[in-house]
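One structure below.
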Amino acid sequence: MHQKGASAFLVLGFVFSLLLSTSIRHMQAGLAFQPFKLVDRTQLLQGNDSDPYSAIVQLTFALPVTTDTLGFGQPCTHIKVRRPDSYLASKAYSVTSQPDEAGVFKIVVKLYRGGLMSNYFTQLPVGDAAYVAKTLTKVLMPSTHVGLIAFGIGITEMLVSAEALLAEGRNVTLVHATRHLREAIFVDDIDALRVKYPAQFKMVHMVSRHTEDTNQSPTEESNVRKGRVDMKTIQDEFGTWLPETARFLVIGTKTMMRETYAMLASQGFPLHLLEKPSPISVFMQLMGTQ
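Taking my numbering, the leading residue of the sequence shown gets 179, the next gets one more, and so forth.
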């Protein structure tokens, strides 16, 4: 009996020592929010009066040490930012910087008019800190072909994801759906991926309200399709893929994601790119040991 008690005490002591040895410099999962200073705000897009958002901005936060790196990123792990006055008022965001970028990490935020977190970010001045934690890390599943389908601001997650997947040798088709062509962001970065991976990477921009409010070049214009993501889009872009070697990631509203995954499944593509972590992995992540 005493041996069992001693063993349990040793296990608890080991776990506690691991927690203490985990540097507070490194971002933690769960509710372990830590302050990170906002050092730059860059506007990527100005919204019109008819848009539900006022702007899309990229926010750069400093890590505690200039040589530190975040060490994680898309598509498996996001960050959460909470308001300083509430643990409940938080939201997850995609990391748009590379995991090995030294000294900083970046996120992109769409500032919705009247949005709770949007109002917070609008009022957050450069030099002040935001409270940040990371989400649980999901499992990236093997595949030879990956379909990335982004609705609106969902493109922020897909760009870094596409680059990481292409570097692994996977074939990637990225479909970005927006209302207007002027809402395209990261155009230069996407073009750079086309040049770097001409045989592996394809980009299609679906525009539901195709107007003349654009300065896009004819080359960029050739990758634009008028309309919404529908069954024809799924068949045209992914119809030749083998279901057993293809995986998909869809980012948008819950309704958009549900409907798109249903269309993919109806065409024989039931497999998702990301899977939930195991219970053991969840425990270790929350303990800060993974």
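Glycine included, every Cβ here is placed at the ideal spot set by N, Cα and C.
Label residue i either buried or exposed according to how many other C-beta atoms from any shown protein chain fall within 10 Å of its C-beta, with 16 as the threshold for buried.
i    : result
F461 : exposed
T441 : The residue you asked about is not Thr; residue 441 is Met in the sequence shown. M441 comes out buried.
M409 : exposed
E453 : exposed
M179 : Reliability of the predicted coordinates at M179 is poor, the pLDDT of 47 falling under 50, and no value is obtained from them.
V317 : exposed
Q224 : exposed
R425 : buried
G251 : buried
G305 : exposed
S456 : exposed
V310 : buried
S201 : Low confidence applies here, because S201 scores a pLDDT of 38, under 50, leaving its location unreliable; read the following figure in that light. Exposed is the call here.
Y271 : buried
P448 : exposed
I327 : buried
K312 : buried
E422 : exposed
T220 : exposed
Y231 : buried
L451 : buried
Do residue i and residue j have their C-beta atoms closer together than 8 Å?
i    : j    : result
Q206 : L222 : no
T274 : K284 : yes
R372 : M384 : no
Q445 : Q413 : yes
P253 : S339 : yes
Y298 : R261 : yes
L344 : I368 : no
T334 : V286 : yes
Report back the beta-carbon spacing between residue i and residue j to the nearest angstrom; my notes put them in contact at under 8 Å.
i    : j    : result
A308 : V259 : 5 Å
G281 : A240 : 6 Å
M434 : F329 : 5 Å
L294 : L216 : The Cβ separation is near 18 Å, so there is no contact.
D218 : T238 : 4 Å
A355 : R436 : Their Cβ separation, rounded to whole angstroms, is 15 Å, which puts A355 and R436 out of contact at 8 Å.
I234 : I331 : 7 Å
If we count Cβ pairs, one from each stretch, closer than 8 Å, do we get three or more for the region 348 to 360 versus the region 312 to 329? In this structure the region 348 to 360 touches the region 312 to 329; the number of beta carbon pairs closer than 8 Å is three or more.
Taking 8 Å as the cut-off, does the region 356 to 371 touch the region 420 to 432 (at least 3 CB pairs, one atom from each stretch)? Proximity of the region 420 to 432 to the region 356 to 371 falls short of the contact definition, fewer than three beta-carbon pairs being nearer than 8 Å.
What beta strand (DSSP E) runs, 3 residues minimum, are completely inside the region 305 to 391? Along the length of the region 305 to 391, whole beta strand (DSSP E) runs at least 3 residues long occupy 307 to 312, 323 to 329, 349 to 356, 379 to 385, reported in chain order.
Let me know the beta strand (DSSP E) ranges lying completely inside the region 406 to 459, each 3 residues or longer, listed in chain order. Whole beta strand (DSSP E) segments, 3+ residues: 424 to 429.
What residue ranges within the region 203 to 289 form continuous beta strand (DSSP E) runs of no fewer than 3 residues, ordered along the chain? Secondary structure in the region 203 to 289: the beta strand (DSSP E) runs of 3 residues or longer, each lying completely within the stretch, are 212 to 224, 231 to 240, 257 to 260, 268 to 271 in chain order.
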